[in-house]
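All remarks here apply to the structure that follows.
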Amino acid sequence: MYCRARARWTLAMILPIAIDSLLSLIGIVLIIVGLIVYATGLRSSEFAVFDSRTIVARRLMASAFIPLALELVGTGTLVGIGLVVVAMLWSISWLPERRRRFAVTAEAIFRSPPESVAAVMFDVSAQPRWMESIREAVLETPGLLRVGSIIRQRTEVQGRIMLARLHVDELEPYHRLVLALEVQNRSAVDVLEVTPLGAGSRVRYGGSHELPLLLAILGGWRLGSLRRRFERQRAAGLERLRELVEPRPRAA
């Protein structure tokens, strides 16, 4: 009887420790595998490949939260349970896509007529001269720019040159051009618009971006500053476009 009681006592002591250790191991393994998948994505020069592997890596690392949360709940402490509840509520609040998608826009007034502005703004080969981080842009599909065309860009991302493709979703000659980044969820859209304003033009460089769920959970509180940064970049791009459309007269 004594041996059986001791065995039950030993099992009762060891089992929670074993379960906690297993949950920790599962969480750590998921994080490590996620980091490995992310590293393989970094080695690719194709932005679509990088994006798809980044999504897988984020899902793996997000999955690590489940065993680690169960381990915290298993401690039975109010602090552990409270942390898990707060983390779950915060995560659930970012589930709707509308909460993670944000619009950005920059606007400028040009002296030139819309046709002159659009001729440069909608010219694919001119994109590297005024768009942020674009090093090269070519029309991949044959023929003229039209709805359904694919633009191939060499883009600098965190110091690396990557190949990105954009799909022409809308095109109104000399007025509106909508480009969508070809990735799984079309998380980035650029909207270029030119409208008449007196003898000149009102030029808008807008669009929308969507934060991946994991990034929103970890850094969603910075959404406002992220939006302002994108808007500053677009405003700077419009000023570079102005220099192309309305070059300053050379000093005599």
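In this note's numbering, the protein residues as written are 34 to 285. Beta carbons are placed, not taken as given, at the ideal position from N, Cα and C, and that holds for glycine.
Is the beta carbon of residue i sitting closer than 9 Å to the one on residue j?
i: Ser-220; j: Glu-243; result: yes
i: Ser-166; j: Glu-173; result: no
i: Ser-258; j: Arg-134; result: no
i: Leu-63; j: Leu-93; result: yes
i: Val-224; j: Pro-147; result: no
i: Leu-277; j: Val-236; result: no
i: Gly-253; j: Arg-132; result: yes
i: Gly-60; j: Val-89; result: no
i: Gln-186; j: Ala-170; result: yes
i: Arg-144; j: Glu-279; result: yes
i: Leu-212; j: Ile-184; result: yes
i: Val-137; j: Glu-264; result: yes
i: Val-222; j: Ser-85; result: no
For the alpha helix (DSSP H) that residue i lies in, which residues bound it at each end?
i: Gly-233; result: Per DSSP, Gly-233 belongs to no alpha helix (DSSP H); it is in the beta strand (DSSP E), 233-243.
i: Ala-269; result: 256-278
With DSSP collapsed to three states, give me the class of residue i.
i: Thr-174; result: coil
i: Asp-84; result: helix
i: Phe-155; result: coil
i: Ala-197; result: strand
i: Ala-90; result: helix
i: Ala-221; result: strand
Compare the C-beta of residue i with all C-beta atoms of chain B and state if any pair is closer than 9 Å.
i: Gln-266; result: Within the model displayed, chain B is absent; a lone protein chain is all it includes.
Using the DSSP secondary-structure output, state which residues sit across from residue i in a beta bridge.
i: Ile-167; result: Thr-188
i: Pro-229; result: Ser-234
i: Ile-183; result: His-200
i: Glu-205; result: Arg-209
So the beta strand (DSSP E) residue i belongs to, where does it begin and stop?
i: Glu-140; result: 134-143
i: Ala-213; result: 209-214
Do the segment 187-198 and the segment 77-88 make contact, defined as three or more Cβ pairs closer than 8 Å? yes
Can you confirm whether the segment 141-155 touches the segment 206-215 when touching is taken to mean that 3 or more C-beta pairs between the two stretches lie within less than 8 Å? yes
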